[in-house]
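Written below as structure tokens is the structure these notes are about.
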Amino acid sequence: MGKTKHPGPTRLPLAPDPKLWVSPVPFGLGKIKPHHIRDTIKAVWDNRDNLPYAYRILTQGVCDGCALGVSGLRDRTLTGPHLCTTRLNVLRLNTMPAIKPEILHADIDELRKMDSAQLRKLGRIPYPLVRAKGERAFRRATWDEALDRIAAKIRSIDPKQLAFYLTARGITNETYYAAAKAARCIGTNNIDNASRICHSPSKSALKRSLGIGASSCSYRDWIGTDVLVFWGSVAANNQPVSTKYMYAAKRKGTKIICVNPYREPAMEGYWIPSIPESALFGTKLADDFYQVNIGGDIAFMNGAMKIWFEMEEERPGSAIDRKFVEEHTNGYEELKAFVTGLDWETIEKSSGLSRARIREFAELLARARTGVFVWSMGLTQHRFGTDNVSQVANLAMLRGFIGRAHCGVMPIRGHSGVQGAGEMGADPFSLPGGDFTPQNIERIERVWGFEIPKWQGDIVGVSLENALLPDDHERKLKVFYTSGGNFLETMPDPEFIRRCLENVDVRVHQDIVLNTSTLVDAREEVWVLPAMTRYEQPGGGTSTSTERMVYFSPEIEGPRIEEARPEWQIYCDLAARVKPERKELIQFKDAAAIRAEIAVANPHYDGIQHLSKRGDVFQWGGAWLCEDGICPTPDGRGNLLPIQIPELRKPEGHFYVTTRRGKQFNSMIYSETDPFNGADRYDLLMSKEDADALGIQDGEAVVAYNRYGVFHGRLKRADIAPGNVGVYWPEGNVLFPKGVYDSHAGIPEYNAAAVVEKAETYHALKDTRYVERRVEELETEMHG
Ligand code: SF4
């Protein structure tokens, strides 16, 4: 780990720079763009019954929105205020009162008429609830009844038939840690977290390539780096304050490059509300876009490396940092032999980019002395997500962009809790402080004082699938305990997921609000347990940002939901009821006691035990992991890995389909209209050439279909790479296959090939289509 400490926040220049303006017309009048002032007023209005508390949360708490990370209104990157509309949108979750009893106990079908946005607005879950099979409404229960009955059910099954899942909705490290410990205390390793559907490939790839499981650098490294590449990431939309860091970077001469099938309007230009010149005239962010095919990133990166190897042949040292490679990496010759053996036709076809364009990118990076690579779900949500990320690590190592100022690899995360989830051990492949290896198991057994089950736990997707196994199967899922999460609206093939949820004997939803998954039947009982928000938890809590800053969020004075409990306490209480003989080993006196134990269980987190008041923060691992090129791998070297170009099966007449986010925070939708392009959530984005070729006009009804499902929407022309189309997530999830995962990281595949037709043509031919199509054609459709 690094010895250099983060230098703390820096200042923005005061004088404006008109070269960066999007338009001299103030406030982007006439352009499609977010309305920050209007959104802020709406947030004030939504929280009008609790404004002082809302204000205290914003000024004292650690943001429970994305994982950029901010304590109060201050971050560690720039001086000046840090606030965005994503945070303002989620604020209401923390300030709203409980659901009214007459609504909460209404007939379940009345609740089922609502979508998740409407359910969320009903208010907080006030007390424990239960609904047995055949019952038409939730019944109020006591905490004792709830935990005793859940514990009794758990005791009656094999621990392999029990699975836990924790989302990242404001969940603190303390809760992840307690859940990880409670699950193992109860006897199961089936515990997983929200990174399984976002960044698990980042961790598996960075581990095998560099020996690290987190961003190697800090946001400060963006500011002044020569090249900042965003790969399948729309940070401007998903981590809005990152635009401020991008602005600061541009003011220092940084070039911003986006690699993405869609020319994302938010990355092209952004009106940053807290920077006066940007609020008025906007800021051009991306200097260039490389519009790769969906799934074409590996080919693109292999192409860039092929150019580098050619440049090196002509002039050694012109493209590759030989010193770094020789001193700090393994596998150079194998990688070179593999990449130089690839042919350009395959690279161009898979990437969708010409050799000339790939050369431009390769030369830009070759000239750069420093570079930071940032990525998101455009790289990770593939069945080859781990390979995608290892390719990024290959590029970074070949250029020596690791372990020094203005250099690094950064999986930018979308949920405030998610970085800490795996680091606390709420993951089937991890324990606190390391992987699920014999050495780490033994070490943690000494810390915890009880034996940890040795079998490999399942990822959440497999646990859910296991609900459909025969009753007598050792891994048939019988109790599913989920803290937050809405699987119907996050996983591919929602109807299949519904069947899985229904086939569990007992489901427990520990949450602050209801969502559509909470309302699905179970074979015996559905329990709903009211959780506290992070701001309500006595003793406060911590969360870890993308750049490994561990922020302390204090308990904030304000109204309380009477029966809501701190989540860590619920897990410990449950474990003590399932295993009374281990009660002493699983109870914590308070949140500080958990932090004290985390510091021992995960040595990187040594320092967390000292966080106790508002504003307390430390960065684990220092400013740069792999500092000076020394990687925490067994031999201290990074591993260059040859990565095969994946086979992308796209039969004639099909398009690659992927998903994008609009005005939403993960699966929570805040507007039916995307503020950056004006699209509706059921719009299908298609290039002008493709739309013209199909003779479909803007706004016409279209159907996208494949053997997994059918999506009904409207066509919207967009600047997206031809042959590719975009749909919104999760609405488009019907088009993706169930049960297809990245083999290293277990992330589901969120891409597919599909036919797109005018709705009228589709309906006219619907009845005959599948009879007429050849079976082989259906079989060869791309699995994502
Ligand atoms: S950018 Fe992320 S961390 Fe910052 S205020 Fe917005 S949601 Fe919170």
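Our numbering applies: residue 253 is where the sequence shown begins, and numbers increase by one.
Backbone N, C-alpha and C define an ideal beta-carbon position, used for all residues, glycine too.
Item                                                                                                                    : Value
Any non-hydrogen atom of the ligand SF4 within 7 Å of Arg635 CB                                                         : no
Cβ-Cβ distance between Ser602 and Asn545 below 8 Å                                                                      : yes
First and last residue of the uninterrupted beta strand (DSSP E) at Gly793                                              : 793 to 796
Three-state class that DSSP yields for Thr734 in the structure shown                                                    : strand
Residues of its chain near Asp367, where Cβ-Cβ distance is below 8 Å and the 5 sequence neighbours each way are ignored : Thr768
8 Å Cβ shell around Glu807 - same chain, five flanking residues per side excluded                                       : Tyr787, Glu788, Gln789, Pro790, Gly791, Gly792
Glu426, buried or exposed, once every other Cβ within 10 Å from all chains shown has been counted against 16            : buried
Extent of the continuous alpha helix (DSSP H) run through Phe988                                                        : Where Phe988 is concerned, there is no enclosing alpha helix (DSSP H), given that its DSSP letter is neither H nor E.
For review: beta carbons within less than 6 Å of any heavy atom in the ligand SF4                                       : Cys315, Gly317, Cys318, Leu320, Gly321, Val322, His334, Leu335, Cys336, Thr338, Arg339, Gln491, Pro492, Val493
Stretch-stretch touch, CB-based, cutoff 8 Å, three pairs: the stretch 303 to 317 with the stretch 344 to 360            : yes
Nearest candidate by alpha-carbon position, reference Pro411, set Pro378, Arg775, Ile860, Phe732                        : Phe732
Whole-angstrom distance between Gly465 and Phe681, CA atom to CA atom                                                   : 12 Å
Residues bridged to Phe739 [DSSP beta-bridge criterion]                                                                 : DSSP lists no partner for Phe739.
Backbone secondary structure at Met498 - three-state DSSP                                                               : helix
For Leu936, the residue or residues it bridges with in DSSP                                                             : Leu967
Among Ser715, Val758, Asp478, Phe561, the one whose alpha carbon lies nearest that of Asn442                            : Ser715
Glu836, buried or exposed, once every other Cβ within 10 Å from all chains shown has been counted against 16            : exposed
Gln871, DSSP secondary structure in three states                                                                        : strand
Backbone CA spacing between Lys865 and Phe804 [nearest angstrom]                                                        : 7 Å
Which listed residue (Asn958, Pro722, Asp950, Phe928) has its alpha carbon closest to that of His288                    : Phe928
Anticipated Cβ contact below 8 Å, Asp935 with Arg966, distance rounded                                                  : 5 Å
Ala853 (DSSP reduced to helix, strand or coil)                                                                          : helix
Secondary structure of Ile508, DSSP reduced to three states                                                             : strand
Inter-residue Cα distance where the pair is Tyr497 and Glu776                                                           : 51 Å
Sheet register partners of Glu1009 (DSSP bridge)                                                                        : Val955
Rounded Cβ spacing between Ala774 and Lys385 (contact assumed at less than 8 Å)                                         : 7 Å
DSSP three-state assignment for Glu1031, whether helix, strand or coil                                                  : Confidence is the limiting factor: at Glu1031 the pLDDT is only 44, short of 50, which leaves the residue's position unreliable and the question unanswerable from this model.
Extent of the continuous beta strand (DSSP E) to which Ser805 belongs                                                   : 801 to 805
Beta-carbon spacing of Val1008, Val977 below 8 Å                                                                        : yes
Limits of the unbroken alpha helix (DSSP H) element including His634                                                    : Per DSSP, His634 belongs to no alpha helix (DSSP H) and is neither H nor E.
Whole runs of the alpha helix (DSSP H) within the stretch 601 to 632, excluding any shorter than 4 residues             : 607 to 619, 629 to 632
Residue range of the unbroken beta strand (DSSP E) whose run includes His761                                            : 758 to 763
Cβ-based neighbour list, Asp573, same chain, cut-off 6 Å, excluding 5 preceding and 5 following                         : Arg651, Gly652
Asn891 - partner residues in DSSP beta bridges                                                                          : Asn582
Range covered by the beta strand (DSSP E) that runs through Leu371                                                      : Here Leu371 belongs to no beta strand (DSSP E); instead the alpha helix (DSSP H) covers 368 to 373.
For Trp596, the nearest candidate out of Arg847, Arg656, Ile610 (CA to CA)                                              : Ile610
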